[in-house]
Amino acid sequence: MPKRSERVIDYSVYLNAVDYLGTATATLPEITYLVDTIKGGGIAGEMAAPSPGYTGAMSLALKWRTIENAAASLLAPKVHTLDLRASIQTFDTATSEYREVPFKVTVRARPLGLTLGNLETGAAMDTTNNFSVNYLKVTLDGVQVLEIDKYNYIHKVHDVDYLAATKENLGL
Numbered sequence: 001m002p003k004r005s006e007r008v009i010d011y012s013v014y015l016n017a018v019d020y021l022g023t024a025t026a027t028l029p030e031i032t033y034l035v036d037t038i039k040g041g042g043i044a045g046e047m048a049a050p051s052p053g054y055t056g057a058m059s060l061a062l063k064w065r066t067i068e069n070a071a072a073s074l075l076a077p078k079v080h081t082l083d084l085r086a087s088i089q090t091f092d093t094a095t096s097e098y099r100e101v102p103f104k105v106t107v108r109a110r111p112l113g114l115t116l117g118n119l120e121t122g123a124a125m126d127t128t129n130n131f132s133v134n135y136l137k138v139t140l141d142g143v144q145v146l147e148i149d150k151y152n153y154i155h156k157v158h159d160v161d162y163l164a165a166t167k168e169n170l171g172l
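In full-length UniProt numbering, the protein residues as written are 1 to 172.
Structure representation (C-alpha cells):
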C-alpha cells in the first residue's frame, strides 16, 4: 500500500542556509512554461505549445505575523538565498504508522517590495516580503525533485535537465 502525505507539521525560514529568520507563511513559486499558440495545416484547431525548460516569472511571498527585523533586512536590494525547511507528515497505510519526511525549498531571490501590513489591536500585521525568484531547488525526503536556474540554463525534473541540449547547442 502507498504512503500518504497528510500535512506540514512545521516549517522555518533560513537565510544563507544558516541564519534562522523565523516562521513566515510562504506562498511558494508557481512554475508555468512559456507557451505559444500553434495552429495551421495538420492541426485541427489551436493548441498551446510549451517551451520545455523556459518558465514564466516566478515569485515568492513571505508573510510575517508582525514586522520582523528579517523582513526589513530582506528588503536590501540584493539577491538573497533563502531556505524554507519543513517536516511533512505521512501515513503508511500498510503499517498504519506515521512518518515525517523532510521538505526543503531553496531560492535565490531579489526583493520586489515590502508591505508593512496593518495595525489593529489584537491582530496580526501581515507584513509581507515579495520576491522575484531566478533559482529554485526542491528536495523531498532527501531527493532533489526539481531545480530551475534561469541564468545557467538548468531545468531539472528528477535529475533530467531539459535545457541540456539547448545549452550545448548554444555553446554554453
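Cβ coordinates follow ideal geometry from the N, Cα and C atoms, glycine included. Note that this is a predicted model, so its numbers are computed, not measured.
- For Asn129, the enclosing beta strand (DSSP E) starts and ends at Thr127 to Leu140.
- Glu100: member of the beta strand (DSSP E) spanning Glu97 to Thr115, first to last residue.
- The Cβ atoms of Ser5 and Ile88 sit closer than 8 Å to each other.
- At a cut-off of 3 residues, the continuous stretches assigned as beta strand (DSSP E) that sit fully inside the stretch 12-73 are 19-22, 25-27, 33-39, 46-55 and 58-64.
- Within the same chain, and ignoring the five residues on either side of Leu21 in sequence, the residues whose Cβ sits closer than 6 Å to its Cβ are Val13, Leu15 and Ala70.
- Here Asp83 is buried: its Cβ has 16 or more other Cβ atoms, across all protein chains shown, within 10 Å.
- Approximately 7 Å separates the beta-carbon atoms of Asp10 and Ala86; this is inside 8 Å, confirming the contact.
- Apart from the 5 residues on each side of it in sequence, Lys156 sits with its Cβ closer than 8 Å to the Cβ of Gln144, Leu146, Glu147, Ile148 and Tyr162 in its chain, given in chain order.
- Assigned with DSSP and collapsed to three states, Thr81 falls in strand.
- Of the residues Val138, Arg65 and Glu120, the one whose Cα lies closest to the Cα of Phe103 is Val138.
- When rounded, the separation of the alpha-carbon atoms in Gly113 and Lys39 is 40 Å.
- Going by C-alpha positions, Thr106 is about 17 Å away from Lys63.
- The beta carbon of Asn129 sits closer than 6 Å to those of Leu62, Ala71, Leu74 and Leu114, all from its chain and outside the five residues before and after it, given in chain order.
- Looking at the DSSP output, Asp10 shares a beta bridge with Ser87.
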